[in-house]
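Structure first, then comments.
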Amino acid sequence: MGMKRKGVNMKKLISILVLLAAMFVVNCGSSEVREDLPIQIPEDIDTSQANQMVNNAQKMLDKAKADKVNEYAAEEILKAEQYINTARRALNEEEEVPAYFAAGKGIAYIKLARNIEALKKAQKHAKQVEAELK
-7 MGMKRKGVNM
3 KKLISILVLL
13 AAMFVVNCGS
23 SEVREDLPIQ
33 IPEDIDTSQA
43 NQMVNNAQKM
53 LDKAKADKVN
63 EYAAEEILKA
73 EQYINTARRA
83 LNEEEEVPAY
93 FAAGKGIAYI
103 KLARNIEALK
113 KAQKHAKQVE
123 AELK
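Note that the sequence shown covers residues -7 to 126 in this note's numbering.
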């Protein structure tokens, strides 16, 4: 009986270690979208490419909202939404490069929000497992 109990504790310990490793990996990423990093934008962007980038950003935003990521990272989702709206305005004015750039920034904020969500969920799960071990 004692061996089985140790096995269960080892599984929980391994689970905690895996979660801590995941938290470390997520936490090592940038905690914000750096504004000073150069973004590579193709020189010859046409309207269809810019439109596709904006549509992809909007789909990612809609999916993030459907998954309720904004419960964990509301500020980042709001910034993503602002960049995507800026991209739409740029498309309406037929400015492809600014639209492509703004959509890319929106996508970066969505990815940041997803990382924050994963980190907070991992922290919550680690606390639950830690409480079970006590």
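The beta carbon of each residue, even a glycine, is placed where N, CA and C say it ideally should be.
- prompt: Is LYS51 helix, strand or coil when you go by DSSP?
  reply: helix
task: May I have a chain-ordered list of the alpha helix (DSSP H) segments no shorter than 4 residues that lie completely inside the segment 52 to 101?
output: 66 to 84
task: May I have the straight-line CA-CA distance separating GLU124 from GLN115, to the nearest angstrom?
output: 14 angstroms
- prompt: Rounded to whole angstroms, how far is the Cβ of GLU85 from the Cβ of ASP38, which I believe are closer than 8 angstroms?
  reply: Rounded, the Cβ-Cβ distance is 15 angstroms, inconsistent with contact.
task: Go ahead and label GLU67 buried or exposed: buried means 16 or more other beta carbons lie within 10 angstroms of its beta carbon, across all protein chains shown.
output: exposed
task: Would you kindly work out how many angstroms separate the C-alpha atoms of TYR92 and LYS57, rounded to a whole number?
output: 22 angstroms
field: For ILE108, three-class secondary structure by DSSP
entry: helix
message: Short of 7 angstroms in beta carbon distance, which residues of its chain neighbour ASP54, apart from the five on each side in sequence? Order them along the chain.
response: none
query: Buried or exposed: where does GLY60 fall if 16 or more other Cβ atoms within 10 Å of its Cβ makes it buried?
result: It should be noted that the sequence gives Lys, not Gly, for residue 60. LYS60 is exposed by the Cβ-count criterion.
- prompt: Would you report the Cα separation of LYS119 and GLU73, rounded to the nearest angstrom?
  reply: 32 angstroms
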